[in-house]
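Start counting the sequence shown at 22; every next residue gets the next number (my numbering). Backbone N, C-alpha and C define an ideal beta-carbon position, used for all residues, glycine too. Bear in mind that the values here come from a model prediction, so they are computed numbers and not experimental data. Note sheet for the following structure.
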Amino acid sequence: MLTLTQELYDRIVAHARADHPDEACGIVAGPEGTGRPERFVPMLNAARSPTFYEFDSGDLLRLYRELDDRDEEPVIVYHSHTATEAYPSRTDISYANEPGAHYVLVSTADTDEAGPFQFRSYRIVDGVVTEEDVKVVAAY
Numbered sequence: 022m023l024t025l026t027q028e029l030y031d032r033i034v035a036h037a038r039a040d041h042p043d044e045a046c047g048i049v050a051g052p053e054g055t056g057r058p059e060r061f062v063p064m065l066n067a068a069r070s071p072t073f074y075e076f077d078s079g080d081l082l083r084l085y086r087e088l089d090d091r092d093e094e095p096v097i098v099y100h101s102h103t104a105t106e107a108y109p110s111r112t113d114i115s116y117a118n119e120p121g122a123h124y125v126l127v128s129t130a131d132t133d134e135a136g137p138f139q140f141r142s143y144r145i146v147d148g149v150v151t152e153e154d155v156k157v158v159a160a161y
């Protein structure tokens, strides 16, 4: 199960809506070994595409160096789908290289500023996708 704060949940959804019609992407980092998402890190979709997301390689290198310096790891890797449901595509599955991370998808298809939208979380390990429950809490 993914447990995250209402603030992090709201920030992920706001980023997905702000970047629509392009896919939004980013991570939520947490202290190594805790599995607790704490620090919201929105990233630029270098592909600037409504059907694909890609982290800029330079930004990604800087991010991983920063995570290492702060003894953090990516707890959540998130992106949005702008025209389809919040389920990992074949491309999403092939690029999932953080076996300990929660892969969050927000679908902004058929939404407006008030909603509705889908927010779903998955574990993706060795190409196997498992949906998990999401619990939103006020604070940890």
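Residue pairing from DSSP places Asn66 in a beta bridge opposite Phe76.
Membership of Arg57 in any beta strand (DSSP E) is not indicated, and neither H nor E is assigned to it by DSSP. Between the region 48-55 and the region 86-99, the count of C-beta pairs closer than 8 Å reaches three or more; the two stretches touch. Beta-bridge annotation (DSSP): Tyr116 is not paired with any residue.
Here Glu75 has Asn66, Ala67 and Ala68 as same chain residues with Cβ atoms under 7 Å from its own Cβ, once five neighbours each way along the sequence are excluded.
Within the same chain, Cβ atoms closer than 8 Å to the Cβ of Val34 are found at Val127, Phe138 and Phe140, the five residues on either side in sequence being excluded.
Taken through DSSP and simplified to helix, strand or coil, Tyr30 comes out as helix.
A straight-line Cα-Cα distance of about 14 Å links Glu152 and Val98. Assignment of Arg86 by DSSP, reduced to helix, strand and coil, places it in the helix class. Assigned with DSSP and collapsed to three states, Ala50 falls in strand.
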